[in-house]
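Number of protein chains: 2
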Amino acid sequence: MSGTRLTSRDIRSESRLVVMRALLAAGESTRSDLAEATGLSLGTVSTIVQDLLKFGIIAESGQLSSGIGRPTTGLRLNADRGRVVGVYVEDRYLEATVFDAALGELATVEAASDAAVAEADEVIAWIDRTLETALERAQAKREDVIGVGILLPGGMQRPVKGATAPDAIWLHFDRLLDTLGLPVVVDNPLKAIATAELWLGAGRRVASAVAVSLGYGVGAGIIQDGAVVRGATNAAGEWGHSLLVFDGRQCQCGRKGCVEAYVGIPGLRTTLAEIAPGHPLAEGVDALGEGPEGFDLVAALADAAKNGDRAAIATMERSAHYLGAALTDLVAILNPEVIALRGWAEWPVWRERIAPIVRRRVLEDSPGDAAAGLAIELSPTCGMEGIAAIALERFMRDIGLVTTREIPAL
Amino acid sequence: MSGTRLTSRDIRSESRLVVMRALLAAGESTRSDLAEATGLSLGTVSTIVQDLLKFGIIAESGQLSSGIGRPTTGLRLNADRGRVVGVYVEDRYLEATVFDAALGELATVEAASDAAVAEADEVIAWIDRTLETALERAQAKREDVIGVGILLPGGMQRPVKGATAPDAIWLHFDRLLDTLGLPVVVDNPLKAIATAELWLGAGRRVASAVAVSLGYGVGAGIIQDGAVVRGATNAAGEWGHSLLVFDGRQCQCGRKGCVEAYVGIPGLRTTLAEIAPGHPLAEGVDALGEGPEGFDLVAALADAAKNGDRAAIATMERSAHYLGAALTDLVAILNPEVIALRGWAEWPVWRERIAPIVRRRVLEDSPGDAAAGLAIELSPTCGMEGIAAIALERFMRDIGLVTTREIPAL
């Protein structure tokens with residue numbers, strides 16, 4: 001009999017995270033309310049609460065009176081257990097956000113560079129410096145930090161080119177660890193948005209959800225049965241590189257016809273160029289698209305549509321059909337209760353021009369009753385919260401309270 | 001705080017199924033080997049084994065000598081705990097298979113009807129009669145039956161037309177229960193093939209797999225983290241109705257461009273008709289496609305290709321590209337360790353002409369390293385085994401050993 005574990009979900013320890021998430025969602029709760037919320041027995045919840053209290057992960061918050069019977073002890077996540085830092089790294093942009101141990105945001109520092117920062121020592125020093133500044137702003141000390149989560153752009157899991165900031169991190173991870181002197185976990189944006197949704201978004205109320213990110217690149221973070229779907233190599237969720245059009249537009253990934261080539265921001269521009277060749281917004285890749293993910297183009301398109309620009313309106317509408325079709329595929333395959341969008345769906349133009357088409361298309365095209373109860377909504381969470389939650393989960397593992405299988409990115 | 005359960009996986013009871021599956025995979029095992037195989041502690045396994053012994057689900061099988069130390073007690077699933085029956089129902093075709101409680105097949109009875117059997121009493125009587133014959137052939141008595149699993153074709157979850165055998169079952173489920181006098185569970189083929197894969201196929205060695213069915217219709221049964229992905233309304237896995245070609249071929253589901261319209265058996269015929277209009281195999285929907293899922297066409301195409309028919313060869317090759325592209329989408333979104341195929345992939349033409357193209361396309365087009373370790377293989381399981389396993393799981397719930405959330409189809 002092989003020793004291979006057939007599930008990455010350790011049944012003994014997972015319930016501890018389930019209780020923590022239920023407690024975070026409730027703010028303050030009691031053992032019996034936690035049992036009701038999680039479906040665990042009161043006995044199991046009591047044992048878990050005892051463990052979490054012992055390690056200072058949760059704290060008692062005085063007596064709660066329910067109006068009936070004697071008052072019971074209130075519980076909440078212990079925000080002061082330590083500090084968790086999320087770090088987002090690109091070649092020219094760095095962001096560090098300090099959270100408390102209940103995932104409350106305390107301070108954010110952004111740093112930009114005119115030239116790409118790719119040499120390993122330079123990248124590591126930049127991270128170290130920015131993290132230090134963020135901690136100062138949060139009035140936190142380095143010894144307070146119980147975990148650092150590093151969010152790398154794209155679907156990057158491994159060094160591929162050797163001359164970018166993310167590559168420097170993968171190739172010189174030991175030096176990064178030495179310099180920071182802190183526990184570090186690295187993960188990709190799709191796992192971060194799924195984890196954010198699990199701890200702070202739709203995952204609080206439903207068992208199956210898909211967090212969809214619409215930026216320069218697009219992708220999906222998948223929650224099924226209350227857990228993040230990672231797949232065999234932590235690469236699940238690359239919906240942006242599933243097909244929309246067989247042998248269609250060239251995608252930057254090398255494949256043709258990917259969803260991303262139509263509903264990623266450069267794809268919006270291509271659609272505009274197809275509808276109105278020579279349109280000012282269809283040119284000028286330099287003038288526009290300057291933001292970290294080219295959201296300037298979305299803003300400009302939205303403004304143009306608002307001012308009656310027919311090509312901009314048509315671009316928005318055609319993009320809505322593309323997106324609706326692509327989301328329908330997620331519904332067909334995953335049948336989630338919620339699709340939580342972020343990225344260019346957050347622009348006001350979404351609600352007026354795009355959302356109605358997307359919703360109609362998803363409802364009409366989804367197989368059977370798969371979309372009958374589906375909610376398509378904007379996510380209240382961000383990837384930085386997700387990577388912080390991943391760092392918190394990693395801390396739980398470091399102290400022995402969670403024993404999940406080692407996954408590629410952690 | 002809401003009482004909604006955020007996971008359908010009951011952490012307390014799920015480990016019992018995990019131990020049962022590990023035991024089925026091993027044939028015979030010991031407590032310590034089961035602990036190693038499942039990742040559960042020896043203490044947990046011992047408790048579970050005690051429960052399963054008490055309810056007769058497993059049996060001791062004498063002393064095993066490991067060569068070192070004293071002999072330990074061997075354990076195996078107790079095949080004689082009872083009988084499980086799988087029933088497959090179409091309007092003109094009925095099949096009943098009797099299994100023992102270790103999912104060993106004992107007897108199968110097929111029944112065909114010249115006219116559609118759609119009136120409720122008629123359908124129910126037909127099922128009852130066929131089940132009785134199958135039990136006789138398996139030398140089993142009705143009181144031995146611990147569960148009946150009914151597999152309905154298509155993705156059918158609810159009555160939609162009102163004049164088919166499956167509709168009769170949904171609309172008159174109470175009468176079916178009264179007549180059979182046995183515990184019955186109904187589920188769809190995608191959940192059945194996923195469950196078969198979990199108990200008897202790739203799910204024995206990997207945590208994430210997709211069982212793909214290629215018949216008249218096509219679909220995917222999804223396993224993630226050692227459990228079947230059901231989705232919000234038990235409709236997950238409808239990959240056959242995800243897009244291959246935006247605004248492409250009309251699919252029978254109403255949507256345009258679905259995977260099924262290209263790699264379902266009628267889709268193969270359409271491809272042939274596009275390549276060689278007037279080709280004899282592209283006509284004659286009546287003459288061919290007579291089998292339950294039209295596999296006669298696949299056999300005829302395979303024969304023609306073998307005999308050098310260029311149009312048939314081109315059809316197989318183009319279909320391979322379609323299938324490769326569609327499977328790549330599953331890899332992009334789910335990143336499984338194994339794709340296990342059944343249906344027309346079982347024809348010899350698969351290995352020679354189709355598989356190499358499919359494999360190359362999946363490897364080339366999958367994002368990043370998502371397909372690096374992927375195995376694409378033929379499944380050793382069938383849907384009937386899956387519905388029997390679902391009935392066995394349901395029996396575990398009936399006797400209180402499993403407490404999963406009520407899911408729509410059960």
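Respectively, the protein sequence lines represent chains A and B.
Take the first sequence: its position 82, counting from 1, is numbered 82 in the working numbering, and each next residue is one higher.
Take the second sequence: its position 262, counting from 1, is numbered 262 in the working numbering, and each next residue is one higher.
From the three backbone atoms N, C-alpha and C, an ideal C-beta is built for every residue, glycine too.
None of these values were measured; they are calculated from a predicted model.
### Task
Select from Arg92/B, Val84/B, Gly149/B the residue whose C-alpha is nearest the C-alpha of Leu135/B.
Walking along the second sequence from the start, residue 135/B turns up at place 135. Of the candidates Arg92/B, Val84/B, Gly149/B, the one whose C-alpha sits nearest the C-alpha of Leu135/B is Val84/B.
### CB of Ile222/B within 8 Å of CB of Thr179/B, strictly
Translated into the one-based positions of the second sequence, residue 222/B becomes position 222. Translated into the one-based positions of the second sequence, residue 179/B becomes position 179. No, the Cβ-Cβ distance between Ile222/B and Thr179/B is not below 8 Å.
### Message
In this structure, how does DSSP classify Glu290/A when only helix, strand and coil are distinguished?
### Response
The sequence position of residue 290/A within the first sequence is 290, counting from 1. Model confidence at Glu290/A stands at a pLDDT of 44, short of 50, so the residue's coordinates are unreliable; what they give is reported in the following sentence. The three-state reading of DSSP puts Glu290/A in coil, since its state is none of H, G, I, E or B.
### Query
If you check the beta carbons only, do Ile58/A and Arg31/A fall under 8 Å apart?
Stepping through the first sequence from its first residue, residue 58/A is reached at position 58. Stepping through the first sequence from its first residue, residue 31/A is reached at position 31. Contact check for Ile58/A against Arg31/A fails: the beta carbons are separated by 8 Å or more.
### Separation of Arg16/A from Leu401/A, as counted between CA atoms
Position 401 of the first sequence, counting from 1, holds the residue named residue 401/A. Position 16 of the first sequence, counting from 1, holds the residue named residue 16/A. Those two C-alpha atoms are separated by around 7 Å.
### Query
chain A beta carbons: is any one of them nearer than 8 Å to that of Pro367/B?
Locating residue 367/B in the second sequence gives position 367, where the first residue counts as 1. Yes - at least one Cβ of chain A is within 8 Å of the one on Pro367/B.
### Task
Alpha carbon to alpha carbon, how far is Gly203/A from Ala209/A? Give it in angstroms, no decimals.
Working through the first sequence from its first residue, we reach residue 209/A at position 209. Working through the first sequence from its first residue, we reach residue 203/A at position 203. Spanning the two alpha carbons is a distance of roughly 7 Å.
### Query
Where does Pro266/B land, buried or exposed, given buried means 16+ other C-beta within 10 angstroms?
The residue you call residue 266/B lines up with position 266 of the second sequence. Counting other Cβ atoms within 10 Å of its Cβ, Pro266/B reaches 16 or more and is therefore classed as buried.
### Task
Measure the CB-CB distance between Asp91/B and Ala165/B and report whether it falls below 8 Å.
Taking the second sequence and counting its residues from 1, the one referred to as residue 91/B is at position 91. Taking the second sequence and counting its residues from 1, the one referred to as residue 165/B is at position 165. Yes, the Cβ-Cβ distance between Asp91/B and Ala165/B is below 8 Å.
### Message
Suppose contacts are defined by Cβ-Cβ distances below 8 Å. Is Arg214/B in contact with Gly343/B by that definition?
### Response
What you label residue 214/B is simply residue 214 of the second sequence in a count that begins at 1. What you label residue 343/B is simply residue 343 of the second sequence in a count that begins at 1. In the sequence as presented, Arg is not what sits at residue 214/B; that position holds Leu. Yes, the Cβ-Cβ distance between Leu214/B and Gly343/B is below 8 Å.
### Query
Counting only beta-carbon atoms, is Val245/A nearer than 8 Å to chain B?
Indexing the first sequence from 1 puts residue 245/A at position 245. Val245/A counts as touching chain B.
### Query
Is the CB of Ser208/B under 8 Å away from at least one CB in chain A?
Residue numbering aside, residue 208/B sits at position 208 when the second sequence is read from its first letter. Ser208/B counts as touching chain A.
### Task
With 7 Å as the limit, tell me which residues of the region 254-268 of chain B have their beta carbon closer than that to any beta carbon of chain A; keep them in chain order.
With the criterion set as a beta carbon lying under 7 Å from some beta carbon of chain A, the members of the region 254-268 of chain B are Arg255, in sequence order.
### Task
Pull out every residue of the region 88-105 of chain A whose Cβ sits closer than 9 Å to any Cβ of chain B, in chain order.
Residues passing the 9 Å Cβ filter: none.
### Query
CB Ala96/A to CB Ala79/A, shorter than 8 Å?
Along the first sequence, read from residue 1 onward, the residue named residue 96/A stands at position 96. Along the first sequence, read from residue 1 onward, the residue named residue 79/A stands at position 79. No, these two residues do not count as a Cβ contact at 8 Å.
### Query
What does Ile339/A pair with, by DSSP beta-bridge criteria?
If you number the first sequence from 1, residue 339/A lands on position 339. DSSP lists Val210/A, Ile376/A as partners of Ile339/A.
### Message
Whether or not the region 260-274 of chain B and the region 317-328 of chain B are in contact is what I'm after, with contact meaning three or more pairs of Cβ atoms, one per stretch, closer than 8 Å; do they touch?
### Response
The answer is yes - the region 260-274 of chain B touches the region 317-328 of chain B, with three or more Cβ pairs under 8 Å.
### Task
Assign Gln50/A to one of three DSSP states: helix, strand, or coil.
On the first sequence, residue 50/A is found 50 positions in, with the first residue counted as 1. Reduced to three states, the DSSP call for Gln50/A is helix.
### Query
According to the neighbour-count rule (16 or more other Cβ atoms, all chains shown, within 10 Å of its Cβ), is Asn307/A buried or exposed?
Here residue 307/A refers to the residue found at position 307 when the first sequence is read from its first residue. Exposed is the call here.
### Query
Counting only beta-carbon atoms, is Ser379/A nearer than 8 Å to chain B?
For the purposes of this step, residue 379/A is taken as residue 379 along the first sequence, with counting starting at 1. Not one chain B Cβ lies under 8 Å of Ser379/A.
### Task
Taking only beta-carbon positions, decide if Asp286/B is within less than 8 Å of chain A.
Here residue 286/B is taken as the residue at index 286 of the second sequence, counted from 1. Confidence at Asp286/B is low in this model, with a pLDDT of 44, below 50, so the placement of that residue is unreliable and no value is reported for it.
### Query
Quick one: what's got a C-beta closer than 8 Å to Val19/B's C-beta in the same chain, skipping five residues either side?
Position 19 of the second sequence holds residue 19/B. Spatial neighbours of Val19/B in its own chain (CB-CB distance under 8 Å, excluding positions within 5 residues in sequence) are listed in chain order as Leu34, Thr38, Leu40, Val45, Ile48, Val49, Leu52.
#### Entry: 8 Å Cβ shell around Ile275/B - same chain, five flanking residues per side excluded
Against the second sequence, residue 275/B aligns to sequence position 275. Once the five neighbours on either side are set aside, the close Cβ partners of Ile275/B are Ala311, Ala314, Thr315, Arg318.
### Message
Going residue by residue through the region 11-99 of chain A, where are the continuous beta strand (DSSP E) segments of at least 3 residues, counting only ones entirely within it?
### Response
Taking only runs of at least 3 residues, the beta strand (DSSP E) segments lying wholly in the region 11-99 of chain A are 58-64, 72-77, 83-89.
### Message
Taking CB distances under 8 Å as the criterion, tell me whether Asp80/A reaches chain B.
### Response
Working through the first sequence from its first residue, we reach residue 80/A at position 80. It does not; no Cβ of chain B falls within 8 Å.
### Task
Output, in sequence order along the chain, the residues in the region 311-343 of chain A whose CB is closer than 8 Å to any CB in chain B.
Interface annotation for the region 311-343 of chain A against chain B: Tyr322, Ala325, Ala326, Thr328, Asp329, Leu330, Ala332, Ile333, Leu334, Asn335, Pro336, Glu337, criterion Cβ-Cβ distance under 8 Å.
### Query
List, in order along the chain, the chain A residues whose C-beta lies closer than 7 Å to that of Gln224/B?
Residue numbering aside, residue 224/B sits at position 224 when the second sequence is read from its first letter. Under the 7 Å cutoff, chain A gives Gln224, Val229.
### Query
What are the start and end residues of the beta strand (DSSP E) that includes Asp187/A?
Here residue 187/A refers to the residue found at position 187 of the first sequence. 184-187 is the extent of the beta strand (DSSP E) around Asp187/A.
### DSSP-derived helix/strand/coil call for Leu392/B
One-based indexing of the second sequence puts residue 392/B at position 392. Leu392/B: helix per DSSP, three-state reduction.
### Query
Can we say the region 372-382 of chain B touches the region 323-343 of chain B, given the rule of at least three CB pairs closer than 8 Å?
Short answer: they touch.
### Query
Can you name the residues of chain A whose CB is closer than 9 Å to the CB of Glu238/B?
Taking the first residue of the second sequence as 1, we reach residue 238/B at position 238. Those are Val331, Ala332, Ile333, Asn335, Ser366, Pro367, Gly368, Ala370, listed as they occur along chain A.
### Task
Please report how far the alpha carbon of Gln252/A lies from the alpha carbon of Ile146/B, in whole angstroms.
What you label residue 252/A is simply residue 252 of the first sequence in a count that begins at 1. What you label residue 146/B is simply residue 146 of the second sequence in a count that begins at 1. C-alpha separation (whole angstroms): 55 Å.
### Query
Mapping DSSP to helix, strand and coil, what is Glu136/A?
As a position in the first sequence, residue 136/A is number 136, starting the count at 1. The DSSP-derived three-state label of Glu136/A is helix.
### Query
What residue range is occupied by the uninterrupted alpha helix (DSSP H) comprising Leu334/B?
Reading the second sequence from its first residue, position 334 is the one you call residue 334/B. Per DSSP, Leu334/B belongs to the alpha helix (DSSP H) from 310-334.
#### Entry: Alpha carbon of Ile357/B to alpha carbon of Thr271/B, nearest angstrom
As a first step, residue 357/B must be located in the second sequence, where it is residue number 357. As a first step, residue 271/B must be located in the second sequence, where it is residue number 271. Looking at the two C-alpha atoms, the distance is approximately 17 Å.
### Query
What is the rounded straight-line gap between the Cα of Asp365/A and the Cα of Gly257/B?
Start at 1 with the first residue of the first sequence, and residue 365/A comes out as number 365. Start at 1 with the first residue of the second sequence, and residue 257/B comes out as number 257. One C-alpha to the other measures close to 11 Å.
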